[in-house]
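Right, here's the structure in full:
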């Protein structure tokens, strides 16, 4: 039956996110020190350092992407895209510990680990889900796939990154995301009309 862990995954992910927020990928010793969880316990729980990276990706980027897909599937029309775009600042406000991971240059390392570990099926499902949702949105509204990704994910990510880099998210984040979203949609509609 085993002993119950004396720590939560959340505390370990928070230690990882804190290191990433400082601009570095923390090593296992750094995470152990910051989370006050022994290296042995970390290896026992996550299997390897790469396993910890993979789970950190699922906790942060994976959770965010699932939310984007949910908005695209559950809200009809172009408003579903707007809600998906606005999900980035809302997620960053609600999940303040995960937010640094979403705007980090380390996302690629974490994603690679998620696709290489036991989490690969889950990570692949998340990435396929977002690709399908973005492609469908692009087709419905006459956008290229990359334009849909810019409007729904990358512009919002940039707004959040800039504001978090200057002390925190304020109400203008939503307005900036909304403006970028509508600018992308309207530009495409104008091109189609010309």
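Residue numbers (the working numbering): 4 to 197.
Where a beta carbon is used, it is the ideal one built from N, C-alpha and C, also for glycine.
When the Cα atoms are used, residue 91 and residue 67 turn out to be separated by approximately 7 Å. In the same chain as residue 157, and ignoring 5 residues on each side of it, no C-beta atom comes closer than 6 Å to its own. Its Cα nearest to that of residue 13, the residue 99 stands out among 108, 170, 172 and 99.
The beta carbon of residue 116 sits closer than 7 Å to the beta carbons of 53, 56, 57 and 60 from its chain, once the five residues preceding and following it are set aside; these are given in chain order.
Rounded to whole angstroms, the separation of the alpha carbons of residue 75 and residue 64 is 17 Å. With respect to the 8 Å criterion, residue 95 and residue 165 are not classified as neighbours on the basis of their beta carbons. When secondary structure is reduced to three states using DSSP, residue 137 falls in the helix class. For residue 11, the number of other beta carbons within 10 angstroms of its own is below 16, and it is reported as exposed.
A straight-line Cα-Cα distance of about 15 Å links residue 143 and residue 87. Counting the other CB atoms within 10 Å of its CB gives residue 27 a total below 16, which places it among the exposed residues.
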